[in-house]
Every structure is written in C-alpha cells, then in structure tokens.
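Be aware that the sequence shown starts at 5, since it is given in my numbering, and climbs by one per residue. Reviewing the structure listed below.
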Amino acid sequence: MNITTSEQMIKGSQLKIAIEYIGNLNAEMRGFYRSSYIDDFNKTKWLAATHLEPVGARRVFPCFDEPGLKATFQLSVSREADYKAISNTLLKSTVKDGDRYIDTFEPTPNMSTYLVALIVSDFNSISQDKSFSSWARPNAIVQANYSSSIIKPIVNFFEKALGHSYQLPKLDMIALPDFTSGAMENWGLITYRETSMLYHPDYSPITSKQAIANVVAHEIAHQWFGNLVSPHWWSYVWLSEGFARYYQYHATSTKLLRCNTGRLICGFSKANRQSKYEFKYYNYFELLDNSTRISSS
Numbered sequence: 005m006n007i008t009t010s011e012q013m014i015k016g017s018q019l020k021i022a023i024e025y026i027g028n029l030n031a032e033m034r035g036f037y038r039s040s041y042i043d044d045f046n047k048t049k050w051l052a053a054t055h056l057e058p059v060g061a062r063r064v065f066p067c068f069d070e071p072g073l074k075a076t077f078q079l080s081v082s083r084e085a086d087y088k089a090i091s092n093t094l095l096k097s098t099v100k101d102g103d104r105y106i107d108t109f110e111p112t113p114n115m116s117t118y119l120v121a122l123i124v125s126d127f128n129s130i131s132q133d134k135s136f137s138s139w140a141r142p143n144a145i146v147q148a149n150y151s152s153s154i155i156k157p158i159v160n161f162f163e164k165a166l167g168h169s170y171q172l173p174k175l176d177m178i179a180l181p182d183f184t185s186g187a188m189e190n191w192g193l194i195t196y197r198e199t200s201m202l203y204h205p206d207y208s209p210i211t212s213k214q215a216i217a218n219v220v221a222h223e224i225a226h227q228w229f230g231n232l233v234s235p236h237w238w239s240y241v242w243l244s245e246g247f248a249r250y251y252q253y254h255a256t257s258t259k260l261l262r263c264n265t266g267r268l269i270c271g272f273s274k275a276n277r278q279s280k281y282e283f284k285y286y287n288y289f290e291l292l293d294n295s296t297r298i299s300s301s
C-alpha cells in the first residue's frame, strides 16, 4: 500500500493516518466472523466473534499484522438493542443512535494485533467477582459456573508466583459455539470452544473438570507469557507456549484447584508423555527459524 501526502513529511515528526475501510463478516472462523446457535425455542440466534491469530487482524482492519509490532486499540461497535458487546477492555460509554446503540471501549494496553477481541451476542454472564466474568449462550450459562469460580484463584496464583500484577481491570471468558481452536488468550477476553470451558455437574465426567481447569490456567498464563511479554516473531512462540504449559500445572496443583483425578506430577507426565513438543502453532512455523513465512490469507 502506498500513501501519498499532500505536504512534504518532516523527518522525526509524528503523523496520524486515518483510513476508511470496509471489512467482511465471514463464516470461516477467522478474522471477524459470524456464528450461530439454536435456542430453546428452536430459533437460530446469531453472533459475531473475532479470532485473529496468527494473521487474522489484517482481515478486520488495516494494520502491521506481526506479533512483535504493538499498538494500543480503542474499539467502538454499533449493535442492536437486544445484543451485548464485549472487548478486551471495560466499556467506556454507550450512546443511543436511532434504534441502535454505539458502545465504545477503553483503550487497550500496548499489545500485538492478534490479541484484539470483540464479541457481539445475546449471551448471558455470571461473575464470582466484579472483575472476572464468564459468558455463554443463555441456555448453557449454568455450565459456566465452574470455570467462573476458578478465574480469580488462578489470577491470584500467577500474580504471586510471577511477582507481577494482572495488567487489566477485568478478565472475561466466553464459550463460543463455533471456534476453530480449543481456546485463545486474547488479552482481557479469552475465547473458548464450549467443550473447553463448560462443565455440567450432573452430566460431564470429572476428567472434563480437570481438562477445563488446565485450559483455563493455560490461557490465563498467557496474559503474562505472550500478552504482556510477546515473541518478536512466530518462530519464538514456543517459549511463551512452554512457560504457559509448565505453569498451568502449577496453578491447577494448588489446594483450591486440585482435582480428584490427578495432581501436578501425575497430570504433567500423562499430558506431556506423547506431546511435550506439541504446540498449537505447530502448523504455523518452524522452530527456531526466524525466516518463517506466514500466509496472508
């Protein structure tokens, strides 16, 4: 892309570029995509969600879409009255605009483009603490009780273990009916596949409870390893993945979170016996190769 200025640019000066653009709401579960679920009245309910890792941000807004290049983001979204919008940061303001509403969110911290998140849905939420909430479709929100109950203890564990406080005033988790990954660590708004976050005490096996605790701890670990401190390029993401994998078992081994089906040493050895070199970016990069190429599609 070439940008032509009307005046000569002065070396060392700061420039502000405003770009008007139109993006597509797709059905590919990449970028900004549409999804749906069937409610208790057999009606189709629609929602919109983001999944920008590794190069989906460029499908949503103009940007330098590389993990080592960081910026602050402030999002605004226009929605219908019966929908809710959530993003990485707290809601700053809501303005009525005819029969719609415009929500504007607080600016994000300096972060990589792939961590930007925005969800527009009719989902409900539950909170064990005003700073930590779990979201799910209305007919499944009761299944988010367990995952909601462990957010604060896990955050507290990492703050104490790492000696560094969580950087945002809130942390939301949301279970999506259509999601390409098990979970995604967007800063302040973690997205999950429903099976990775929802637990029914009457029907789900106890092993699901342990699996959910591990996934939640892993994604919360990324709020430090990957979000706060980020890889310069995808070929080094194994480092943040390795730390997140290691610390997830320490977090779930605490007395409050320990499950009936395993403790730290058992859980770690079984989970990693066959997959200790598996990372969720396996198909994206070659380890320790800084010349890794990422498709722009």
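Glycine is no exception: its CB is placed at the ideal position from the N, C-alpha and C atoms. It should be emphasised that the depicted structure is a prediction, and the values quoted were computed from it without experimental measurement.
Are residue i and residue j closer than 7 angstroms when you measure CB to CB?
| i | j | result |
| --- | --- | --- |
| residue 179 | residue 124 | no |
| residue 140 | residue 54 | no |
| residue 52 | residue 38 | yes |
| residue 156 | residue 176 | no |
| residue 251 | residue 215 | no |
| residue 106 | residue 80 | yes |
| residue 191 | residue 231 | yes |
| residue 223 | residue 187 | yes |
My understanding is that residue i touches residue j, with C-beta atoms under 8 angstroms, so please give their C-beta distance in whole angstroms.
| i | j | result |
| --- | --- | --- |
| residue 91 | residue 109 | 5 angstroms |
| residue 144 | residue 202 | 6 angstroms |
| residue 183 | residue 33 | 7 angstroms |
| residue 111 | residue 78 | 4 angstroms |
| residue 102 | residue 63 | With 8 angstroms as the limit, residue 102 and residue 63 do not qualify as a contact, their Cβ atoms being about 28 angstroms apart. |
Where does residue i sit, in a helix, a strand or coil, going by DSSP?
| i | result |
| --- | --- |
| residue 273 | Here the model assigns residue 273 a pLDDT of 45, short of 50, so the residue's position is not dependable and the matter cannot be decided. |
| residue 35 | strand |
| residue 278 | With a pLDDT of only 46 at residue 278, under 50, the local geometry of the prediction cannot be trusted, and no value is derived from it. |
| residue 163 | helix |
| residue 59 | coil |
| residue 64 | coil |
| residue 70 | coil |
| residue 29 | coil |
| residue 184 | coil |
Using C-beta distances below 8 angstroms, list every residue in its chain close to residue i, excluding the 5 sequence neighbours before and after it, in chain order.
| i | result |
| --- | --- |
| residue 7 | 21 |
| residue 235 | 71, 72, 241, 243, 244 |
| residue 118 | 56, 57, 58, 59, 60, 61, 69, 71 |
| residue 277 | Residue placement at residue 277 cannot be trusted, given a pLDDT of 48 that sits under 50; the coordinates are not used to answer. |
Shorter than 6 angstroms, the distance from the beta carbon of residue i to the closest heavy atom of the ligand COA, or not?
| i | result |
| --- | --- |
| residue 9 | You won't find the ligand COA in this model; it holds no ligand whatsoever. |
Tell me which residues share the same chain as residue i and place their Cβ nearer than 7 angstroms to its Cβ, disregarding the 5 neighbours each side in the sequence.
| i | result |
| --- | --- |
| residue 161 | 255, 258 |
Mind checking residue i: buried by the 16 CB within 10 Å criterion, or exposed?
| i | result |
| --- | --- |
| residue 31 | exposed |
| residue 151 | buried |
| residue 49 | buried |
| residue 16 | exposed |
| residue 40 | exposed |
| residue 114 | exposed |
| residue 227 | buried |
| residue 99 | exposed |
Excluding the 5 residues preceding and the 5 following residue i in the sequence, name in chain order all residues of the same chain whose CB lies nearer than 6 angstroms to its CB.
| i | result |
| --- | --- |
| residue 199 | none |
| residue 97 | 108 |
| residue 229 | 244, 247, 248 |
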